[in-house]
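Residues in the sequence shown are numbered from 1176 upward in steps of one, following the numbering used here.
Just so it is clear, CB atoms sit at the ideal spot from N, CA and C, and this is done for glycine as well.
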Amino acid sequence: MSADSLRRYRFATEAQWNACLMAQANREALRANGGLLPFAPYARPGTLFESPGAHAPVVTQAGEILWRDDNGCVHRLTACHELPETHAAPGAIARATRIVSAANSLWTAPFKESIQGFEPESLTRVLTIDVPDTPITDIASDGRDAVLALVKTEERWESVGVYPTGPSVRVPFEGISEAQAFVFLRRSKRFVVLAGYHPRLYWFAEKGGRALFSMAVAGMRPCFEASVLGSDSRDRVFLGGTDSSEFGGRTYVLIFDADGNSLGDVPIDANDGAITGIAATPDLLLVTGQRGLLQFKAAEVVPDGAGSVRCVLITPMLHSPDREDQRRWLRAEASADLPEGTTLDISVASTGDAEIRDRVNAILSNTSVSESSRIAQVQLEPGIWRGRIAFHGSAAAAAIAKAPLAAKLFDVRDPYLWVCLTLQATTGARLPKLSQLEVLYPGRTLMESLPAIYQAEEERPNSFLRGLVGVLETTTQGLDTRIASMASQIHPSTAPAPWLDFIARWLGVPWDDGMKLEQKQRIVAKAAELANGRGTRAGLEALLEALLPGSPKRYRVTDATADFGFAIVGGEACEGSTLPAMLGGRTRWSAELNARAVLGVMRLPCEGQVDDGVRHLTGHIRIEVAATAAERQAWKPWLRTAITDMVPLTAQVELRWVSSHDFRTDRLDGTLTLESPPLAHLGTDAQTGAARLAEGRDRLSASGSRISTRLR
């Protein structure tokens, strides 16, 4: 069965996945990796960076981590240093309870009536924006360039979007009281507010109004008491607090997604005391307490105590057109990485009733309800679901080539179909990943190639023969796909590196496995030109252009015989030679017995030696290559061999490594660039004659000033 005879719905790109509904799925990883997977839990225990107390952690847009301590100092942790640097903090930051990052600046609200912005590197205050008549309770980032302030007016609680031009864009929060903190989730465009005498978490739409839903804090854990609210500004909400003393008084950070689904919790050591601040990125969780800052990184495997992690996806409605043979669907194929301890569940719902179809579509398209709630409502729809098929990951399955996981659909006769997938990982397992989903409906199937007496088996439910043919179809589908993709395996722009190595040796072009992939692709693309030009200057330059592309050229080929020729001095009808030229003379074995013969210098020729004064100068080719020290180190093992393959056997190759400065001219031809002299340093890429020492600075030494003036 040809792959072209099948029709399919395909979900593989970010836009295609976003057409589905998802719950507890990591959309940030979806965009980065092109696959669907659940949120990664955090590894335990966290890394402690000690300080005399810690408050208000924040991650700058440059990726630096900052927090302030009880002594009025700021601690800065960068990727280049294992330990944080400590600096004195401005007064507003030294007493901040919340610091947020937005538009290359840090913001805090220390005085409850204004917001102050600071430059992240120097912590210099650059802007102060007043918010009059409305005391500021908390601030948050919108994930881009604005700072949001939580304020209370005479009528209600509001979010005020603070921009450099002043306060604007007020969002009302109706039906809440005693608000304590809030955050904004950029991806789902939702506010989450911690409020109430008996605290609850309230989820609001971007335009505010009444809460979409709320959750009682005390019911999240045994008599849980919340103290700090944070987020990663994209998908997740973090709530820090403690259990009631009657239940142990343990401190936790609870994690929720944008729909309020629990994503687990992270226990905090009792020695850290109460949580004073929370900040997060897609890969880090930062928690401050009395000992300093705790840093938790996303775990590669589900840690002990984290429980299982899962995510759910349901496709939009899929439709299979009417056919004369009444065939509707063939199978669903999922390409997934299922390590040991993980599971992929595939279940399908179908209907031919237009009323049921419209009701399900209305549920799925109701944006006023969270995605997880819509998925749950559809899963509870009676009479449309057809059971599920579970695939379990194993170490043996992970070691072999990834084959699609197929669920049969040829028993489904309804025209409308929804596919639901659930990925789950238990403690100790790596996270599963779904990279592609295809739902196939038939054009032509293998059943049509069977004798007519066996084709009737397709009409029988749970037919063994139809199931067996379905296995063969899945197998041949993979073979057909591989055959159809063979052209891409030999095209220079799409072939993988191992195939390029095979093709190059088959074509006989100059080659080495140590070449970069881009160099290999260009050489194979020029295979015809290299074959036709082997042994010629044009062929050699075509090879160098493939290895060193770009303008101006980074190579120079000099064939002295062809470029300069020989100088002719004297002779009949000779007017001299054009310079530059080469000078040749008689060899040592051109001896004549006369008064000028010198014993020990001249000798008689041996048998077979030719008295040719310029023979030793011909066939000499000099190739200069401009390369950095790193390029020279990488190319030196194979470049000379590749060049030798393109020149005649009688030619001698001289390879010189030079600097790009050697190709400069005094003309505006692309080789002349305006740049400052390089700093002098010791190394393989140091440039003799170009670098210079930096100018010295006057310093006071133990013997006094360098100047002659005395201080009296």
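CA-CA distance, GLU1353 to PRO1374, rounds to 9 Å.
Unbroken beta strand (DSSP E) runs of no fewer than 3 residues, entirely contained in the segment 1433 to 1492, are found at 1437 to 1443, 1452 to 1455, 1459 to 1464, 1467 to 1472 and 1484 to 1489, following chain order. In the structure shown, GLN1827 falls within a strand segment according to DSSP collapsed to helix, strand and coil. Rounded to whole angstroms, ALA1737 and ALA1802 show a C-alpha spacing of 26 Å. In the DSSP assignment, TRP1192 falls within the alpha helix (DSSP H) that extends over 1189 to 1193. Within the same chain, Cβ atoms closer than 7 Å to the Cβ of ASP1244 are found at SER1226, PRO1227, GLY1228, ALA1229 and HIS1250, the five residues on either side in sequence being excluded. Residue environment: LEU1429 is assigned as buried (16 or more neighbouring CB atoms within 10 Å of its CB, all protein chains considered). Between the beta-carbon of ILE1311 and that of LEU1325 there is about 7 Å, and that keeps the pair under the 8 Å contact cut.
Collapsing the DSSP output to three states places HIS1250 in a strand.
Counted as a single uninterrupted DSSP element, the alpha helix (DSSP H) harbouring GLN1552 occupies residues 1546 to 1554. For GLU1189 against LEU1205, the beta-carbon gap comes to about 6 Å, under 8 Å, which counts as contact. Taking C-alpha positions only, SER1437 is separated from VAL1337 by approximately 31 Å.
Per DSSP, the unbroken alpha helix (DSSP H) holding GLY1266 starts and ends at 1266 to 1269. Taking all protein chains in view, the Cβ of LEU1615 is crowded by 16 or more other Cβ atoms within 10 Å, so the residue is classified as buried. Here the alpha carbon of ASN1769 sits roughly 29 Å from the alpha carbon of MET1757. Of the candidates LYS1583, LEU1814 and LEU1592, LEU1814 places its Cα closest to the Cα of ASP1687. In the displayed model, SER1419 falls within coil according to three-state DSSP, outside both helix and strand. Under the DSSP assignment, LYS1695 falls in the alpha helix (DSSP H) whose first and last residues are 1692 to 1700.
ASP1317: not part of any beta strand (DSSP E); DSSP gives it neither H nor E. By the criterion of at least three beta-carbon pairs nearer than 8 Å, the segment 1379 to 1393 is not in contact with the segment 1405 to 1412. It is roughly 20 Å from the alpha-carbon of THR1261 to the alpha-carbon of ASP1447. Taking 8 Å as the cut-off, the beta carbon of LEU1723 is found no closer than this to the beta carbon of ALA1817. ALA1702 sits close to LEU1682, with the two beta carbons spaced by under 8 Å. CA-to-CA, the gap between MET1690 and ALA1706 works out to about 19 Å. If you keep only unbroken alpha helix (DSSP H) runs of at least 4 residues inside the segment 1254 to 1314, you get 1266 to 1269.
DSSP, read as helix, strand or coil, puts GLU1720 in helix. Taking a C-beta distance under 8 Å as the contact criterion, PRO1259 and GLU1288 do not qualify as a contact pair. No Cβ-Cβ contact shorter than 8 Å links ALA1433 with GLY1516. Distance check between GLY1464 and each of ALA1474, PRO1442, GLY1482 and LYS1472 places PRO1442 closest, using alpha-carbon atoms only.
Looking only at ILE1531, THR1272, LYS1583 and GLU1530, the smallest Cα-Cα distance to SER1522 is reached by LYS1583. PRO1673: member of the alpha helix (DSSP H) spanning 1672 to 1682, first to last residue.
In the three-state reduction of the DSSP assignment, THR1711 falls in the coil class.
ASP1497 and GLY1210 have their C-alpha atoms spaced approximately 32 Å apart.
The beta carbon of ARG1709 is closer than 7 Å to those of MET1821 in its chain, skipping five residues each way along the sequence. Three or more beta-carbon pairs separated by less than 8 Å are not found between the segment 1292 to 1300 and the segment 1468 to 1475, which leaves the two stretches without contact. Restricted to the segment 1221 to 1247, the beta strand (DSSP E) segments that are unbroken, complete and at least 3 residues in length are 1222 to 1225, 1230 to 1234 and 1240 to 1243, listed in chain order.
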